[in-house]
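Have a look at the structure below before the remarks.
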Amino acid sequence: MKKEVIVHVKGVITQKEMEDDAIEIYSVGNYFFKDGSHYLLYEESLADEEDTQIKNTIKINQDPTQIIMTKKGKYSSRMIFTEGHTDHSVYQTPFGGMSLNATTSKVDFSLTDEFIRIEMDYDLQINYADSSRNKILIEGKFL
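Residue numbers (my numbering): 26 to 168.
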């Protein structure tokens with residue numbers, strides 16, 4: 026059964042010798058459960074390119090908890106987050122692709138009658154160079 030949700034994404038990006046960069050996104054999306062996996066779908070606009078929509082699909086597998094985050098649009102990627110593992114992916118931009126390595130230190134998932142909640146901590150390398158430490162909290166409140 027598909028449920029409409031208000032999606033709230035909060036993230037903090039920490040880079041060496043720089044101030045933390047906080048992001049916050051609100052969107053309306055959908056949640057559904059299919060073939061043993063939970064899905065959260067929503068769209069976001071880029072802050073500096075409001076006419077650019079990115080479609081996000083988050084697939085949550087359990088046992089062990091694994092988050093697969095797919096972004097499609099002008100900027101596209103597919104990242105897999107599993108606690109204690111490093112995943113390699115490619116971030117596609119209009120200017121070409123960049124290699125991403127995400128080493129995940131924390132993945133939490135919870136679901137109630139009122140909301141879905143995903144929390145992830147990971148270190149990111151871009152083109153094999155250390156880039157940032159990232160903390161993301163994604164909450165979907167069912168309407």
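Positions of the beta carbon are idealized from the N, C-alpha and C atoms, including for glycine.
- Tell me where the beta strand (DSSP E) around L149 begins and ends. 140 to 151
- Message: According to DSSP, S156 sits in a beta bridge with which residue or residues?
- Response: According to DSSP, S156 bridges with nothing at all.
- Task: Alpha carbon to alpha carbon, how far is D112 from I151? Give it in angstroms, no decimals.
- Result: 12 Å
- Query: Is it the case that the Cβ atoms of Q91 and I85 are separated by a distance below 9 Å?
  - Reply: yes
- Query: Residue range of the beta strand (DSSP E) that M172 falls in?
  - Reply: No information on residue 172 is available, as it lies outside the stretch 26 to 168 that the chain covers here.
- Query: In terms of DSSP beta bridges, what is T107 paired with?
  - Reply: Q91
- What residue does the beta strand (DSSP E) around L208 start on, and which one ends it? This structure cannot speak to residue 208, because the chain is shown only from 26 to 168.
- Message: Report the start-end ranges of each beta strand (DSSP E) in the stretch 36 to 95 that is 3 residues or longer and not cut off at the edges.
- Response: 46 to 59, 62 to 71, 74 to 86
- Item | Same chain, Cβ closer than 8 Å to E68, neighbours up to 5 away in sequence not counted | S52, G54, Q78, I79, K80, N81
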